[in-house]
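Numbering (my numbering), first residue to last: 32 to 653.
Using N, Cα and C, we set each Cβ at its ideal position, and we do this for glycine too.
All values derive from a computational prediction rather than experimental measurement.
As structure tokens, this is what we get:
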């Protein structure tokens, strides 16, 4: 009798989800990585054929990393394959689609029609959104505009309607704002969150929300790839891996398809009205701010959009861009907004200041020059493709790379082209550097270049020998001193090149930093933010001068390290700014602004700084 009563009570909890709901099945694909090799396309084509052969699949969800590098060519190839599906497709981008996007995260939306979705099926509401990181190496981050959109969708969702959330990342600390996403999902009847990213089938618990990771579609060491079939049967969601049908050669010329195989159910999620108020809500740790109470906030605010580039300033104005396509000017003393100018694309370009003007590039393919005091457009130069690189003003010229295989020198006065170099292998992301004769920059085609400043003549190019473009010396801002140019690349090496010849002077992987690099104000020491805890300081000959363990943990942010008035400023990918006394070689203070990447630090003197974070915080600290 007791067992019957217990079952009846459980059934009563499940009942609201079951009324009127019909069983259905859908396919969950993830991590197809088109462009990583010929087999990736073959695996996806095979999966599409297999899904098309199953009439009872209602729709298909793709949870991101559609491509390997986020290039337009890869996105179009993936679209061509996925467009052969005879079921509806709902798709979101992953970090591989957005971190290395030559279009500045615009092409995914243009090619697939959207980078987020919401739809209802059999009484369930399915919601999917982007996860970033957009254009900067850092932990994943649901863009601020996507959080606003998610709020609006959930607010319009009936409180009892069962909801399924889809994102590329699991809902854990690998997603910088996981706690904000969880807070929103717990306000509604969220049943399960689906994700990819880990390339394997795995169940995770996201502070009470069931979180199911689906395998990569890639075959790896197996003969074929695979995906998951998801069955919703009244009060239970069943996950089963599917090995798709594959082509087999017969004894003759004819090619036949072997039947696919559905493996046994590997996970079940029970569907009921969760009581999330009884589960702990994890939060990031801001306790470091209590250790340094002397740090004061002069002003700060959070923009309504992501800020994916650095802030710049003079004694009166601070200028920063955002992903809404705006160039925003603030009173540097008060933080009050003075003017803004809106472009037609997202901006991931750190502005460059001249005496009376500011230059910035947009993913709408244009370079803009604005009057610094008024924000009035002085000139606009159109290029052939999106620009995610940052300009450098040197005298009367503006130096800037783009995503169309070109590097330009523009006249600061009117934006006319002084010269164009057409030999860039892939797109340019970072800010170039110059010396008296040359301009230097890297690309995502594995090369680093030196051109004649005056004419644009090709002088030399260097490669670290890596076959994968993911290791290109492209995201760091190079520095020049003592007749050498210094770079840091994802291969975890510091490299010194002869400025005249491009020959290697020295290479060191002692620090194992990723892309962050800096140089002292007297240009005698180099700074490396390592990928684990430490600041390492080198002399110009590549010998370690000293190091300091800052205990910041695993770190992948490319933000440059700067020094001013004897203080070294280190920006982290977890929202913390660290300040080190160069002479005493010790930490002075640290302050956490958010849980997202700090883009850059601009010292204002007397211990004050300006900074921005990827999730939209803009601040002046003292």
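Cutoff 6 angstroms; reference residue i; Cβ partners in own chain excluding five residues on either side
i	result
residue 643	338, 342, 351, 630 and 649
residue 228	199 and 200
residue 353	334, 336 and 338
residue 42	Any reading at residue 42 must be qualified, since the residue scores a pLDDT of 38, below 50, and its modelled position is unreliable; the value itself is stated next. Correct list: empty, nothing qualifies.
residue 509	464, 471, 516 and 518
residue 456	474, 476 and 478
residue 38	Bear in mind that a pLDDT of 34 at residue 38, under 50, signals an unreliable position, so the number given afterwards is only what the model happens to contain. Nothing meets the Cβ criterion.
residue 372	358, 401 and 406
residue 623	317, 319, 320, 606 and 607
residue 60	93, 248 and 258
residue 638	none
residue 641	342, 344, 349, 633 and 651
residue 282	Low confidence applies here, because residue 282 scores a pLDDT of 49, under 50, leaving its location unreliable; read the following figure in that light. No residues qualify anywhere along the chain.
CB of residue i within 7 angstroms of CB of residue j, strictly
i	j	result
residue 62	residue 298	no
residue 419	residue 166	yes
residue 160	residue 147	yes
residue 26	residue 573	What the structure shows of the chain is the stretch from 32 to 653, and residue 26 is not part of that stretch, so it cannot be assessed.
residue 506	residue 461	yes
residue 323	residue 621	yes
residue 645	residue 172	yes
residue 381	residue 398	no
residue 551	residue 594	yes
residue 482	residue 452	yes
residue 540	residue 207	no
residue 434	residue 458	yes
residue 142	residue 110	yes
residue 599	residue 616	no
residue 549	residue 486	no
residue 609	residue 628	no
residue 56	residue 88	yes
residue 128	residue 97	yes
Residues that DSSP places opposite residue i in a beta bridge
i	result
residue 383	390
residue 556	570
residue 516	511 and 528
residue 400	390 and 410
residue 21	As shown, the chain starts at 32 and ends at 653. That puts residue 21 outside it, with no answer to give.
residue 332	649
residue 244	226 and 233
residue 586	Answer is none; residue 586 lacks a bridge partner.
residue 55	263
residue 349	344 and 361
residue 609	601 and 621
residue 565	580
residue 137	None, per the DSSP bridge assignment.
residue 299	269
residue 452	438
residue 478	494
Residues near residue i in its chain [Cβ-Cβ closer than 7 angstroms; skip 5 each side]
i	result
residue 293	260, 271 and 273
residue 367	361
residue 445	410
residue 103	133, 134 and 138
residue 734	Residue 734 is absent from the model: the chain starts at 32 and stops at 653.
residue 448	439 and 441
Segment limits, alpha helix (DSSP H) that includes residue i
i	result
residue 212	209-216
residue 111	103-113
residue 320	319-322
residue 129	126-129
Range covered by the beta strand (DSSP E) that runs through residue i
i	result
residue 274	267-274
residue 546	Residue 546 -> no beta strand (DSSP E), and no H or E assigned at all.
residue 197	194-197
residue 180	No beta strand (DSSP E) contains residue 180, which is instead part of the alpha helix (DSSP H) from 175-186.
residue 13	Residue numbering for the chain in the displayed model covers 32 to 653; residue 13 lies beyond these limits and cannot be assessed.
residue 368	368-373
residue 200	First-last for residue 200: undefined, no H or E at that position.
residue 595	593-595
residue 254	From DSSP, residue 254 is part of no beta strand (DSSP E); its letter is neither H nor E.
residue 634	629-636
Close beta carbons around residue i, own chain, < 8 angstroms, minus the five adjacent residues each side
i	result
residue 155	52, 192, 193, 194, 195, 222 and 263
residue 514	529, 530 and 531
residue 249	62, 63, 64, 67, 70, 71, 74, 230 and 256
residue 107	142
Residue i beta carbon near the ligand MG (any heavy atom closer than 6 angstroms)
i	result
residue 599	Of the ligands one can find in the structure shown there are none, so the ligand MG has no counterpart to examine.
Quiz item: Should the region 304-315 be called in touch with the region 237-248, which here means at least 3 C-beta pairs below 8 angstroms?
Solution: With the cut-off at 8 angstroms, the region 304-315 and the region 237-248 touch.
Quiz item: Contact between the region 468-480 and the region 66-82: three or more CB pairs below 8 angstroms?
Solution: Contact annotation: the region 468-480 does not touch the region 66-82, with fewer than three C-beta pairs closer than 8 angstroms.
Practice problem: Would you check if the region 168-188 and the region 198-218 touch, i.e. whether three or more CB-CB distances between them fall below 8 angstroms? | Solution: Touching, yes.
Exercise. Could you tell me whether the region 548-565 touches the region 585-601, using the rule of 3 or more Cβ pairs below 8 angstroms?
Key: The region 548-565 and the region 585-601 touch, with no fewer than 3 CB-CB distances between them shorter than 8 angstroms.
Quiz item: Does the pairing of the region 80-91 with the region 118-128 give three or more beta-carbon distances under 8 angstroms?
Solution: Three or more Cβ pairs closer than 8 angstroms define a contact, and the region 80-91 meets that threshold against the region 118-128.
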